[in-house]
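Chains as they are written, first to last, in our numbering: chain A, 1 to 248; chain B, 249 to 496; chain C, 497 to 744; chain D, 745 to 992; chain E, 993 to 1240; chain F, 1241 to 1488.
So, in structure tokens, the structure goes:
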């Protein structure tokens, strides 16, 4: 089974982190196929960047259509997720979606912990988009600057653990999600220092993608996620234009 | 006052319809500045097209930053709206948002009536995105094919009136919104044949844009809609890349 | 166009404040017609006073039926609003409703800031009545006494600004509404000292009334806001009794 | 114990029906004290009439303050209820509120069945005001004319039973509420012909009033239902003006 | 009238407390019939104990079927309530349900105050199960240890009053519910020291049970609370097995 | 990895069906350990049976504590799920929970299709318990009798497919869940005849259990799912009593 791990950010270092975390939990026989955005921003952290990054994710999926069994959009706010689910044949999972739904099976409410204040509004809209508002005990963000998106995980490890512990103590959250692609792989390092189950977003996402690939062979032919009728377009990248036009 | 009427579709004919409808209600001294998407699809009707069209709307706004007092994103599902509100200095109004909020002042619940089934899921997500689920009595769609997006308004006029009347009778809706850019200007023609107030989306949007331009001179400097810190990007169109980088 | 600015309080000084604020934003050709309640309380601030004041608003509207193009009920809790919308032919806008819906176009959540604790419960029910609970980041009230309802705006200006800033900092509200008729006109004076857009309720209301008057020529003939069948009554003021009876 | 059964309608015949139904279930020692509105409409059925009738209910309560142990506002939409609860010392129960909360103890969802379409929107807002939307399986209304408000119960008995049965069959409601003062006493006559428990609104209300009178000796001194500070007014009836001013 | 006061805990001392509190408010002619769980835990305080205790409550009701007019399940989280309501002929009221619904008639929001942190999650789920989330201003729990479940009421009286006052001050709750069977009877002792109405759960429950017994003679024959068809079982206590099988 | 597949029904034939379906999708190295309830009913279909069956599930888990890596409670209404999650060390997944959360990743709304009307109310409460109301497009039930719980899947196959197709057509559901243990394994047989993805509850549950076992090594030590303090009990089966007492 091939799982496309699609990083809609342009940072290769984040792709590496995501793959490394995911590789620890995939089933024998599952191949993780990484892809990094060829254009966009190094790290999506605002609504505007998510709007742009989600469109780029569609371009990336169109280029790879038919080459994977399921895909993960590996940014926590799930840019372009519902669009991708509608447009393409294979299952697509959002990294936030997978983390939140997995957390629901471990408790009533989860806390989302991340490394930068800028991420809060976008993550909040992602929580709402998935109908998870009542299950979310809050989003906690570190507020200081960080040196590098590639190494923020190591730089802020202790502060993130403290923030997670504070979130649990003050909100009675049952589960903690360490959110944002730069934190992939952190859960395994810190879970003994946090008193509730800790979800690794990349691991949750790749396992959910595996599960969907196993369970669901058919694309919707009715309902709101059937593939739209073909439509011509202007100025879109070739593979995406072709896919939208149902050509080739 | 200059109101940018931004059509994220590539169809010039829709821009003309939108401008014609809006021009009937603007205040003396308001100038409507039209803009049509240079790339994308002729008419956005799916989640995927909205993801792409919303990103194109950001490009269009970046090219015109500073040249208008308020902008309307003139597609009913409001592609890119919150991203634009966050990124740019001037107020931005969505055409669906403006129509729905205006309808709220005329009744408890509104019905959305449109010309194609494909639009339903996208419009439904737009209703939810704005927290208007409890105010929406339903979305009704014609299900037949149509000859041309430019002339669907004339072709389907009687069917749309019948659908609106049926929606009112079966859902007790207090207001009807005729939704989708191709229906701009229809309300004035048919309102005597519908027993509740009928909202013209383009007119509602341009009036709300005028109101915001009058009332709100300052961009948020805190909260979730403050302008993000500058960030470098790769492969984005120049004006948008510059704006995101806070250059120039 | 004539906009009836109906103050359901008996304080003429508040009417003056409301008219002064509104006059700054109306379109050329719009005439603001003020009316002050002939009976009731100087300033409505409880549920009971709103129940009574709302009934008085209906009396005032009945006396003036046919003489205006749209009306504003100019008390923040919108006393009698839905009743007026049902009973009369022309559009009626509530000052709270207009402020909140306008705020929705500037951000995800607004904070309501007012000058007296007594107003909190009534305002809260108003927020709920309009289905705006999820959009309201909180209601903040000054808790000290004030010397005069006419001059509370000047007396408390600095405290209100501080309260607004505190609300923004602690709730991440995207917009501030300065609520309560005695605060009409304050937004223009203080907006530079508050880091998010500030809504002036009187200005929002009169602009929304203008918009409705422009957009909606027909009263509902079906749905829940059609005019009720005539009914005889006992002991009600003549114009209201006549209107309810559909006489004359 | 004295229970004030306050009919905010001017129809004495309805007061009689309400008292007759209530008398069948009160405890030994409970005296029902009836009061009929001296002004207003014969039968409240719209939002506007409820706004006016609620203000009249406050006048009636002010005239009788201190003479009862608990009061029932005996119109199904609960006009003036929260205002009365805030203003007066003794417990006040709404007839709709009491019927709905009692129904909650007999099933998950109740259907409201009434005799005229005009009542629907007002009842719907009452359901929402009490936060009972998720518990309400629907409001069903007979749509024909009726000869007399005093005798609509007898005239429409069979149609109401059929409507109740239809509501149960189509919505899976667990309980039926026969709503509207003219239907007081009907439940006992028809309950064998309806396959789920049937609530008599007048009986539920008087029992709940008894319960509150027994359980709650103290008026709130904090929170949103404490009695407001005294305030002078203009042109209100003497007892109500005095009570609001905290005089005498 | 006979009201079965069913204590699903094994502590006889709690049964005594519950009966003593309830006896103060029942109508002349009402007999309280106490029953204490023959197996289970001394005091239910977790989800798991509620799952078990609810099943035991069903066994107790089966043993007593036909011998009472209405029953109270006298543990605050209402273990087994909906199951009992479905299975048995007579009305069954939960102690939490009765307290919350009664509180709704005294204010908009109630605070729940109890004596041990362990109770919080179970009570929270009970609040949600009854759809009372929006009416609940919060659940406050003492966090220290206590000497004996029988005497925790006396031991902690002052702390509970302080906690109730703090809840009112910080949440603006309109009503306080003293929750948990060990606190039955406490309201009468402390209500003068708490500035909002205080609900005694046992008293509310027995009065609501009386009301239902008076109002509702017929068991649902349709809807979701009709008695299920008979079914054979294995290894269940005789009376419960017989009742489920509709034998005898 | 050992996954305990706990059937809280007494029917061995259902256990066999569940195991057969699950075995098709488990990872290499995963062992499914089946367990069938030693007492209770052949097939849980009411709230009362779920209350009892949930308590029996706790007994079964206590007997097997420490012998598995994750458990599935394999009845669609998830009897005893939150209690088990609180009480035991290893992850526990409900079959309804797993099916619904998995469905969320394939569409916005799912339809639940089952074989008997009696199951509707219990399933509805399960949907609500998991906060999935807005994601559930409806629960559809066959209403005829069936010959045997063991063979209802084969007997009703065509009717279930027709019901699923009708649910999709009338509710626009994006996904179908075939619900109820007797339908385990049906999805694979019928999915080509249903135009949207079809979830097999047993397969979803076992995959989710695998995922949790992989991701979450630590039991909560804080929050609402930490293991309760030990408590003595009376009359409970030995292993459960010991586990609750934290003995041995």
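Heads up, the beta-carbon is just placed ideally off N, CA and C, and yes, glycines get one too.
Quiz prompt | Residue from B:433, B:407, B:281 and B:277 with nearest C-alpha to residue 255 (chain B) | solution = B:281
Quiz prompt | Contact with chain A by residue 1273 (chain F), beta-carbon distance below 8 Å | solution = no
Quiz item: Name the chain B residues that come within less than 7 Å of residue 210 (chain A), Cβ to Cβ?
Solution: For residue 210 (chain A), no chain B residue has a C-beta closer than 7 Å to its own C-beta; the minimum C-beta separation is roughly 25 Å.
Practice problem: Mark residue 524 (chain C) as exposed unless 16 or more other C-beta atoms lie within 10 angstroms of its C-beta, in which case mark it buried. | Solution: exposed
Self-check item: Beta-carbon spacing of residue 1430 (chain F), residue 1394 (chain F) below 8 Å
Solution: No, the Cβ-Cβ distance between residue 1430 (chain F) and residue 1394 (chain F) is not below 8 Å.
Quiz item: residue 590 (chain C) lies in the beta strand (DSSP E); which residues open and close that run?
Solution: Segment 588-590, the beta strand (DSSP E) holding residue 590 (chain C).
Self-check item: Where the beta strand (DSSP E) through residue 858 (chain D) begins and ends
Solution: From DSSP, the beta strand (DSSP E) with residue 858 (chain D) extends over 854-858.
Quiz item: If you measure beta-carbon to beta-carbon, which residues of the segment 580-605 of chain C are closer than 9 Å to chain B?
Solution: 581, 587, 588, 589, 590, 593, 594, 597, 598, 600, 601, 602, 603, 604 and 605
Practice problem: Answer yes or no: do residue 1104 (chain E) and residue 1071 (chain E) have a C-beta to C-beta separation smaller than 8 Å? | Solution: no
Exercise. Have a look at F:1463, F:1474, F:1479 and F:1470 and flag the residue whose alpha-carbon is nearest the alpha-carbon of residue 109 (chain A).
Key: F:1463
Quiz prompt | Per-residue contacts from residue 330 (chain B) into chain I (C-beta, under 8 Å) | solution = In the structure shown, chain I does not exist; the protein chains are A, B, C, D, E and F.
Self-check item: Members of the segment 1205-1231 of chain E that neighbour chain F once the beta carbon cut-off is set at 9 Å
Solution: Residues passing the 9 Å Cβ filter: 1215, 1216, 1217, 1220, 1221, 1223, 1224, 1225, 1226, 1227 and 1228.
Quiz item: Using a C-beta cutoff of 8 Å, does residue 1030 (chain E) count as contacting chain F?
Solution: yes
Quiz item: Rounded C-beta distance between residue 675 (chain C) and residue 595 (chain C)? I'm assuming under 8 Å.
Solution: By a beta-carbon distance limit of 8 Å, residue 675 (chain C) contacts residue 595 (chain C). Their separation comes to about 7 Å.
Quiz item: Which residues in the same chain as residue 456 (chain B) place their Cβ atom closer than 6 Å to its Cβ, once the five residues preceding and following it in sequence are excluded?
Solution: 341 and 346
Quiz prompt | Proximal residues to residue 1041 (chain E) (C-beta, below 7 Å), its chain only, five neighbours per side dropped | solution = 1033
Self-check item: Start and end residues, alpha helix (DSSP H) containing residue 994 (chain E)
Solution: That residue, residue 994 (chain E), is in no alpha helix (DSSP H); its beta strand (DSSP E) goes 994-999.
Quiz item: For a contact meaning CB atoms closer than 8 Å, what does residue 802 (chain D) contact in chain C?
Solution: 544, 547 and 548
Quiz prompt | Coarse secondary structure for residue 1311 (chain F), derived from DSSP in three states | solution = strand
Quiz prompt | Ranges of the beta strand (DSSP E) found wholly within the segment 1141-1177 of chain E, counting only runs of at least 3 | solution = 1167-1170
Quiz item: For residue 823 (chain D) and chain E, any beta-carbon pair shorter than 8 Å?
Solution: Not one chain E Cβ lies under 8 Å of residue 823 (chain D).
Quiz item: Under a Cβ-count criterion, where at least 16 other Cβ atoms within 10 Å of its own Cβ denotes burial, should residue 36 (chain A) be classed as buried or exposed?
Solution: buried
Quiz item: In chain order, what residues of the same chain have a beta carbon less than 7 Å from the beta carbon of residue 1392 (chain F), not counting five sequence neighbours either side?
Solution: Contacts found: 1355, 1386 and 1422.
Self-check item: Outcome for residue 790 (chain D) when other beta-carbon atoms lying within 10 angstroms are tallied against a minimum of 16
Solution: buried
Practice problem: Determine which residues share a DSSP beta bridge with residue 32 (chain A) and list them. | Solution: A:3
Self-check item: Boundaries of the alpha helix (DSSP H) in which residue 85 (chain A) is found, first to last residue
Solution: In the DSSP assignment, residue 85 (chain A) falls within the alpha helix (DSSP H) that extends over 81-87.
Quiz item: Hey, would you say the C-beta of residue 761 (chain D) is under 7 Å away from at least one heavy atom of the ligand NAP?
Solution: Ligands displayed in this structure: none; no statement on the ligand NAP is therefore possible.
Practice problem: Could you spell out where the beta strand (DSSP E) holding residue 387 (chain B) opens and where it closes? | Solution: 384-389
Quiz prompt | 6 Å CB neighbourhood of residue 781 (chain C) in its chain, flanking five on each side removed | solution = This structure does not reach residue 781 (chain C), given that chain C is present from 497 up to 744, and the question cannot be answered.
Quiz prompt | Status (buried if at least 16 other CB within 10 Å, exposed otherwise) for residue 1136 (chain E) | solution = exposed
Quiz item: Around the Cβ of residue 1094 (chain E), are there at least 16 other Cβ atoms within 10 angstroms (buried) or fewer (exposed)?
Solution: Around the Cβ of residue 1094 (chain E), a 10 Å sphere holds 16 or more other Cβ atoms; the residue is buried.
Practice problem: Just grab the DSSP bridge partners of residue 516 (chain C) for me. | Solution: According to DSSP, which records beta bridges pairwise, residue 516 (chain C) is partnered with nothing at all.
Quiz item: Since residue 1424 (chain F) contacts residue 1442 (chain F) with CB under 8 Å, what's their CB separation in whole angstroms?
Solution: 4 Å
Quiz item: Can the beta-carbon of residue 714 (chain C) be found less than 8 Å from the beta-carbon of residue 355 (chain B)?
Solution: no
Exercise. Could you tell me which chain C residues have their CB closer than 7 Å to the CB of residue 754 (chain D), listed as they occur along the chain?
Key: Simply 730.
Practice problem: Please state whether DSSP places residue 1280 (chain F) in a helix, a strand or coil. | Solution: The answer is strand: DSSP assigns residue 1280 (chain F) an E or B state.
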